[in-house]
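S.K.:
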Amino acid sequence: MTTTAPATTQKDKPLGQSQFSVAWQQFRKNRLAQAGGLMLILLYVMAIFAPFIAPDALSSYSTSNITRFHPPTPIQFRDPDTGAFTRPYVFKYTQQLNMDTFVNEFKPSAERCPLYFGVRGASYKILGLFPGNLHLFGTNKEDCSVYLFGGEDLGRDLFTRTLYASQISLTIGFGAVLITTLIGLMMGAMAAYFGGIVDTVIMRLVEVLAAIPYLFLLLLLRSVFPRDINPILALYVILGILAFIGWGGLARVTRGQLLSVREQDFVSAAKSLGASDNRIMWRHMLPTLTTYVIVTTSLAIPSFILLESGLSFLGIGAVEPYASWGSLLKAAQDGGLSSLNTRPWVLIPGFFIVFTVMCFQLLGDGLRDAFDPRKRA
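If you want it as structure tokens, here you go:
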């Protein structure tokens with residue numbers, strides 16, 4: 001009597017998986033990394049639609065009714081008399097001079113300001129292309145504003161300025177890393193592929209950049225430009241400076257890894273088939289570093305965000321009328337000890353810096369574990 005093994009159906013056959021599909025399956029098991037990625041998506045969506053979400057314009061403030069360091073206005077959902085749910089509203093605040101400290105104090109009055117969705121207000125352009133004047137929420141009263149995060153030294157809404165500041169901080173971090181990655185990969189690939197004098201010149205340039213402290217180099221390069229430079233142009237200058245000084249480390253690592261790739265058979269085959277040098281570097285050698293670049297980029301973005309925030313905190317980054325998280329923190333630092341005991345809401349931009357960096361770290365750690373074969377269960 002003979003037995004035959006059951007025929008293997010097409011469904012039972014093991015399917016080959018690419019490296020990215022395996023990494024995605026591993027990444028889905030890391031809940032912290034997924035949470036970090038979702039929070040980052042939310043932050044970038046809020047930054048893109050900041051003009052719509054914010055109830056006011058970036059630099060809108062009143063010259064007649066100055067609300068310097070206005071406290072946050074809690075949103076109320078219940079009628080204080082009956083306890084029943086009602087339309088969301090905020091109380092209008094009044095100022096009163098404290099004769100002991102000679103400081104204006106804000107106290108809620110009995111006047112209520114209902115909140116409405118889809119309120120017409122200050123004009124704006126989303127991504128500089130799509131004009132509009134519709135805001136997510138507001139009170140429709142000029143003398144009664146919503147201060148979710150309180151006000152700053154000129155009475156401007158800190159929630160609005162924090163949203164607008166996220167556009168600069170997040171864009172500078174992502175843009176600088178993108179430019180740095182392209183320059184670092186190109187320089188590293190050229191040094192590994194051509195060798196000789198090209199390798200020597202590029203590596204000596206990397207050593208020169210590494211020998212100069214970043215902060216002093218940034219101050220030196222920024223001092224070349226006038227202080228009254230256009231704010232938008234200054235942002236691009238900062239982006240270029242960050243990219244210029246940050247590519248050395250990536251170029252060195254790229255060169256080290258591609259030196260062994262250069263001797264592989266597929267590179268020799270491409271040369272024998274007459275492929276150009278650019279095609280060999282960009283289509284055959286550099287794709288071997290894809291996983292490394294993905295992980296490195298996710299971990300490099302928060303460092304550039306911190307660097308830009310530090311520059312703005314020192315006063316050589318984003319300037320008025322624009323703002324970044326670092327420049328908003330500088331205003332809190334100017335207040336001294338009062339920023340801690342009397343108006344702690346001015347420190348909220350610092351929370352966004354810490355939160356963003358933490359989310360990038362969680363995402364970067366999750367990507368590193370997902371692409372590492374030794375971490376796979």
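Counting from 1, one number per residue, gives the positions in the sequence shown under UniProt numbering.
Ideal placement from N, C-alpha and C gives every residue a C-beta, glycine not left out.
(1) Among the candidates C113, A176, L242 and L329, whose CA atom is the shortest distance from the CA of R222?
(2) So, with DSSP's three-state summary, where would you put S123?
(3) Give the secondary structure of D157 by DSSP, where H, G and I count as helix, E and B as strand, and everything else as coil.
(4) Within 10 angstroms of its Cβ, does A170 collect 16 or more other Cβ (buried), or is it exposed?
(5) Would a C-beta distance cut-off of 8 angstroms place N162 and L306 closer than the cut-off?
(6) Count the other CB atoms within 10 Å of the CB of residue 397; is the residue buried (16 or more) or exposed (fewer)?
(7) If you follow the beta strand (DSSP E) that E111 is part of, which residue opens it and which one closes it?
(8) Beta carbon of A110, beta carbon of S60: below 8 angstroms?
(9) Taking its Cβ as the centre, do 16 or more other Cβ atoms sit within 10 Å of D372, making it buried, or is it exposed?
(10) So is residue 415 buried or exposed if we call it buried at 16+ other beta carbons inside 10 Å?
(11) Which residues mark the beginning and the end of the alpha helix (DSSP H) in which V224 is found?
(12) Is G366 buried or exposed, if buried means 16 or more other CB atoms sit within 10 Å of its CB?
(13) Who are the Cβ neighbours of V119 in its own chain at under 7 angstroms, not counting the five residues just before and after it?
(14) I'd like the list of long-range same chain contacts for I202, defined as Cβ closer than 6 angstroms, with 5 residues on each side in sequence excluded.
(15) Please go through the same chain and pick out, in chain order, the residues whose beta-carbon is closer than 6 angstroms to the beta-carbon of V319, but skip the five residues on each side of it.
(16) Please determine if the stretch 248 to 261 and the stretch 192 to 201 are in contact, where contact requires at least 3 C-beta pairs separated by less than 8 angstroms.
(17) Measuring alpha carbon to alpha carbon, tell me which residue in P51, F352 and N133 is nearest L127.
(18) On the three-state DSSP scale, how would you describe K271?
(19) Do the CB positions of I172 and L239 come within less than 8 angstroms of each other?
(20) Inspect the beta-carbon positions of P88 and W345 and report whether they are closer than 8 angstroms.
(21) Using three-state DSSP, classify N230 as helix, strand or coil.
(22) Spell out the partners DSSP gives R78 in its beta bridges.
(23) Ends of the beta strand (DSSP E) at P131?
(24) Quick one: is W247 buried, meaning 16 or more other Cβ sit within 10 Å of its Cβ, or exposed?
(25) When you compare each of Q95, L185, Y164 and F117 to Y251 by their alpha carbons, which one comes out closest?
M.R.: Let me spell this out:
(1) Taking the first residue of the sequence shown as 1, we reach residue 222 at position 222. Checking every option, the nearest Cα to that of R222 belongs to L242.
(2) Along the sequence shown, one-based indexing puts residue 123 at 123. S123: strand per DSSP, three-state reduction.
(3) By one-based count along the sequence shown, residue 157 stands at place 157. Correct three-state label for D157: strand.
(4) Here residue 170 refers to the residue found at position 170 of the sequence shown. The sequence shown places Leu at residue 170, rather than the Ala named in the question. Buried, by the Cβ-count rule.
(5) For this step, residue 162 is matched to residue 162 along the sequence shown. For this step, residue 306 is matched to residue 306 along the sequence shown. In the sequence as presented, Asn is not what sits at residue 162; that position holds Thr. No.
(6) The requested residue 397 does not occur in the structure, where the chain is confined to residues 1 to 377.
(7) What you label residue 111 is simply residue 111 of the sequence shown in a count that begins at 1. E111: member of the beta strand (DSSP E) spanning V103 to P114, first to last residue.
(8) Looking up residue 110 in the sequence shown gives position 110. Looking up residue 60 in the sequence shown gives position 60. No.
(9) Walking along the sequence shown from the start, residue 372 turns up at place 372. The C-beta of D372 has fewer than 16 other C-beta atoms within 10 Å across all chains shown, which makes the residue exposed.
(10) The requested residue 415 does not occur in the structure, where the chain is confined to residues 1 to 377.
(11) Start at 1 with the first residue of the sequence shown, and residue 224 comes out as number 224. Run containing V224: none; DSSP gives neither H nor E here.
(12) Counting from 1 along the sequence shown, the entry for residue 366 is found at position 366. With 16 or more other Cβ atoms within 10 Å, it is buried.
(13) Taking the sequence shown and counting its residues from 1, the one referred to as residue 119 is at position 119. Contacts found: H135, F137, G138 and N140.
(14) Along the sequence shown, read from residue 1 onward, the residue named residue 202 stands at position 202. So the list reads M187 and A191, once near-sequence residues are dropped.
(15) The sequence position of residue 319 within the sequence shown is 319, counting from 1. So the qualifying residues of the chain are P231.
(16) Segments in contact, yes.
(17) Within the sequence shown, the letter at position 127 stands for residue 127. Comparing Cα positions, the closest option is P51.
(18) The residue labelled residue 271 in the question sits at position 271 within the sequence shown. Residue state, collapsed to three classes: helix.
(19) One-based indexing of the sequence shown puts residue 172 at position 172. One-based indexing of the sequence shown puts residue 239 at position 239. Yes, these two residues count as a Cβ contact at 8 angstroms.
(20) As a working mapping, residue 88 is identified with position 88 in the sequence shown. As a working mapping, residue 345 is identified with position 345 in the sequence shown. Result no, Cβ atoms of P88 and W345 do not sit closer than 8 angstroms.
(21) For the purposes of this step, residue 230 is taken as the residue at position 230 of the sequence shown. When DSSP states are grouped into helix, strand and coil, N230 belongs to the coil group.
(22) Your numbering for residue 78 matches position 78 in the sequence shown. The secondary-structure analysis by DSSP pairs R78 across a beta bridge with F85.
(23) Residue 131 sits at position 131 when you count from the first residue of the sequence shown. Segment F130 to G138, the beta strand (DSSP E) holding P131.
(24) As a position in the sequence shown, residue 247 is number 247, starting the count at 1. With 16 or more other Cβ atoms from the protein chains shown falling within 10 Å of its own Cβ, W247 counts as buried.
(25) To locate residue 251, count along the sequence shown from 1; it is residue 251. According to the sequence as given, residue 251 is Ala; it is not Tyr. Residue L185 is the option with its Cα nearest to A251.
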